[in-house]
Each structure stands twice: as structure tokens, then as C-alpha cells.
Amino acid sequence: MRTSTLRTAALGVALVAVLAGCTSNATTEAEAGTTPLAEVTPEPAVTETCVDGNAVVVLDEDTPEVTFTEPCDSVNVVGSDGTVTLADVSHLVVEGQGVTVTAGAVGTVDFAGDGNAVSHTGAAPTVNENGTTDNTVTAR
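Note that numbering that gives the first Met the number 0 has the sequence shown beginning at 0, numbered continuously upward.
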């Protein structure tokens, strides 16, 4: 009987703690007249290395060219008018326009933009145009 009472008491305390977290008398920063201590600037998504077999490359004015020296399972290239050099990649996604990718062996290429070029070594990859135009995939 004592164990049952202790469990009930512990459950009651946990329930009160959870419900207390649901209510708040806090005011917003504007009401309190305060400002945040610091603003966080997100890091760019360019990794230049695979993390757990995946990589995202964002091409922009600050990063118009990226090189990967090691193979990667999946690389997603986002941006326009940039150059990416890759080792072997199983799945390449090119989202943008005017992107040039030079790669080792490529398993599949998915395009989500027009006027991109992919050159590769090895066998011809599976190419999914997805309604895009003027993309080229060539062996070298």
C-alpha cells in the first residue's frame, strides 16, 4: 500500500510540474522593454564534405565554386551560375540555372532547373529532367 501511495504522489508532483510549464506570466520582449542578447546568423549550407553520406551546396556570390575531394552518396546543388567539382556521387540533384558540375561516376542526376551541365566519368547515369530544359549530361 505504501508503494502505491508513493507512486501516486510522484505522479501528482510530475503532473503539477508539467502543467506549471504550460502557464506563464511572462511578457514579450517588447512589453518588457528588453532586447535579445545576440542575434544568430545561420551558417551557409556549404559543407564541402559529406556528413553521413549527404551534402548540400549553396552557390551564390560569396561561394560560386565548390570542390569535394571524397565520394558522397547524395549531393544537392542549389544556386545559379556556379561550378561544382565532385568525386563519385550516387545521387546528384541540381536545383538552379547555369550550374556546371564535373564529377566522377554518377548514379542518378535529377534536374530542377534549366541550362545546367554535368560531365562525368564511368557509365551513363539515370537522368531525370523533371520538366526542365537545356540540361546536358556528358561523359568525359
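No residue lacks a Cβ here, since even glycine has one placed at the ideal position from N, Cα and C.
Quick one: what's got a C-beta closer than 6 Å to residue i's C-beta in the same chain, skipping five residues either side?
| i | result |
| --- | --- |
| Thr101 | Thr84, Ser118 |
| Cys71 | Cys49, Ala54, Val88 |
| Ser73 | Asn53, His90 |
| Val92 | Asn75, Asp109 |
| Arg139 | Ser118 |
| Asn115 | Val93, Val98, Asn134 |
| Thr66 | Thr84 |
| Val126 | Val108, Val136 |
Report all residues from its chain with a CB closer than 8 Å to the CB of residue i; omit the five preceding and five following residues, and keep chain order.
| i | result |
| --- | --- |
| Asp113 | Gln96, Thr131, Thr132, Asp133, Asn134 |
Hey, would you say residue i sits closer than 7 Å to residue j, going by beta carbons?
| i | j | result |
| --- | --- | --- |
| Ala104 | Gly81 | no |
| Thr99 | Pro124 | no |
| Gly78 | Asp59 | yes |
| Ala86 | Glu64 | no |
Leaving out five residues before and five after residue i in sequence, what residues of the same chain have Cβ atoms less than 7 Å from its Cβ?
| i | result |
| --- | --- |
| Glu128 | Phe110, Asn134 |
> What beta strand (DSSP E) runs, 3 residues minimum, are completely inside the segment 47–103?
Replying inline: 53–58, 64–66, 71–78, 82–84, 88–94
> What are the start and end residues of each continuous beta strand (DSSP E) run of 3 or more residues lying completely inside the segment 102–135, in chain order?
Replying inline: The segment 102–135 contains these whole beta strand (DSSP E) runs: 116–120, 125–127.
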